[in-house]
Structure formats: structure tokens, C-alpha cells
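As C-alpha cells, the structure follows; a few thoughts come after it.
Numbering (our numbering), first residue to last: 893 to 1215.
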């Protein structure tokens, strides 16, 4: 059973609770969150109803709807001073048109813009979902990578028992501990019927059993023995972010909105007016993730989860690329 497997893993369940009374029986193991996103998109909610997806977002959320041939409604992010906010006004105004049994996708902290959703924002999303009969699928894999020390990550399922029952929370040590290749992740699903639907969708479609190497990595990441390493890692990431942000302030044609979490800078390159941004930066020795796969061609994503010397070299190449 999931309970026995979790006990064998000796996972620190206080980490999984994160303010919510999550139970061991609610855990469903998956080889990765990409697999989970595709499974939810194909098998949960009403396949004739749309999937509501923030834009921009981690590309698998978008490709999953395309592969499943399922209607996707994009919810735009709007700039709000030094932060981002979803277009709640448009979402609420059109909610009745979407119908019941939609799936609302959430990425918190958000990839690629690094937004950390505040409690009042999560409550507004949850209220819409409850009122309109939607499911919530929340990717919270970057929860341990909060760069703004005055901010906190709040799992949307922790808002209330009612919200927990309609939420599928995705979690993995893959990002914070850099072990994505170990293929170890969790779905936290309280509702028994939703768990049954998810397992049915995953069965026969993917390898759903845990592998020994992934289990060992999960233990090392989540049993508390790696907390000091993670703290040191966060200090390094904050330094890299600040170094990059300060340097980009001096560059013409490129800007870096404030990044509150993750290790993925979301760079606005719209002023450069490039025909092929990915190829342009590649010619200058920078392999950046193209914004178009996330849903916004005005941006490029830069990974600064590396040595500071590598970030310094990337800055030099950015300088050449912007000239």
C-alpha cells in the first residue's frame, strides 16, 4: 500500500503536511511530475471541458493539453509593480462559460516567473474552483526554493478541508535537491475517487513503481539530513540572483522582473526586437529556454542554479548579445 511504501521510505511527513493534515494513504507515487501533469490532463475532469492554465507556464502544462487534444483556456499573468498577478477579473467573469468538471492548473511557486501566490490570491482561486465545481492540480515542486526571505509558500490544499478534497498536489525533491534524473515524485490526493481515477489513468501508461535509486534519493532529501545543504544552496542562489539582476540593470534592451523564488530568471527581451531570440543568444554562447514554449515570446528563461563563476560568464555573454 502507499502507506507501507511511505513508511519504508522514512520520509519526514511533517514536510509533506506543510500546514495541512495530509495522510500517508493520500500519497500516490509517480516517476515524475511531467508524467503526473499528462495523466491529470488526460484522465481527470470532463474531457469535453477545458483545462484552465496560467500563461506563461512550465511548457509541459501546455504540451499536455495539445497531446491530449483537450481544450485549453489560457489565464494571463499581469505585471503588478514588482510582482505578477493572474487576470482574476477575466477568469471570474468567464467562469460560468467554462462549466463544471474543469481542471484548474496551478504552479506555485510559479515557473517561469517565480511568483509566490499570497494567501488571499489562493483563497480567490479556491473560491472560484469550489463555486464552479473545478478540480485544482497544483505543482508545488519549487516550494523549498523561496528566495525572498520575507515570503512563504502556502500549499493551496492547506486552505480548508473543502479545498483539500478537490486538490491534487504535486511534489518532488527533484528541483530543490537537483535529483530530477532519479524519477521520484508524489501526488497528494485526499479524495478516494480522484485517487482511483488518477491510478487508472497512470496504470499501463507509465512505469508507476518506485525505483530503488529514486527511493534512496527521496530519503536523503526529505529525512532532514540534507537541510543544511539546502540552506547553503539557497544562500548561493540568492547571491546569484542578485548578481544577475544588478548586471542586467546596466544592459540596454533587456530587463529582469523581480524573481521571488526558483533559480530560473525570466528575462524580458522584447525591446531587442529579435526575429529568432533562441538562435541569437545561442550564437553568443547562451542556451536560454525560449519564451514561446512557455507561452510568451517576449521572454527568455535563464537558469542560474550553477556556480557563481558560470553566472559571471553568462553575464559577459549577455552583454555581447545585447550589443
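For each residue, glycine too, the CB sits at the ideal point set by N, CA and C. Note that the coordinates shown come from a computational prediction; the quantities given were computed from them, not determined experimentally.
When secondary structure is reduced to three states using DSSP, residue 917 falls in the helix class. Look at the stretch 1037 to 1125 and you find these whole runs of beta strand (DSSP E), each 3 residues long or longer: 1059 to 1063, 1077 to 1081. Rounded to whole angstroms, the separation of the alpha carbons of residue 1046 and residue 1010 is 8 Å. Per DSSP, reduced to three states, the secondary structure at residue 1019 is helical. Using a Cβ distance threshold of 9 Å, residue 1008 and residue 1027 do not count as a contacting pair. Annotation: the continuous beta strand (DSSP E) that includes residue 946 extends over 943 to 947. Beta-carbon to beta-carbon, residue 1051 and residue 996 are separated by about 14 Å, too far to satisfy the 8 Å threshold. If you look at residue 1153, you'll find it isn't in any beta strand (DSSP E); DSSP assigns it neither H nor E. Annotation: residue 1126 to residue 965 spans about 34 Å, alpha carbon to alpha carbon. Proximity of the stretch 1168 to 1183 to the stretch 1031 to 1048 falls short of the contact definition, fewer than three beta-carbon pairs being nearer than 8 Å. In this structure, the alpha-carbon of residue 916 lies about 22 Å from that of residue 926. Annotation for residue 975: 1007, 1150, 1152 place their beta carbon closer than 8 Å to its own, counting only its chain and skipping 5 residues before and after.
When the beta-carbon positions are compared, residue 954 and residue 1187 come within less than 9 Å of each other. Counting along the chain, the unbroken alpha helix (DSSP H) around residue 989 starts and ends at 980 to 990.
Residue range 964 to 972 is occupied by the beta strand (DSSP E) that includes residue 972, with no alpha helix (DSSP H) assigned at that position. By the C-beta density criterion, residue 1001 is buried, having at least 16 other C-beta atoms within 10 angstroms. Here residue 1077 is not near residue 1097, since their CB atoms are 9 Å or more apart. In the structure shown, the three-state DSSP call for residue 995 is strand. DSSP lists 1159, 1182 as the bridge partner or partners of residue 1192. Its Cα nearest to that of residue 1207, the residue 1137 stands out among 1190, 1110, 1169, 1137.
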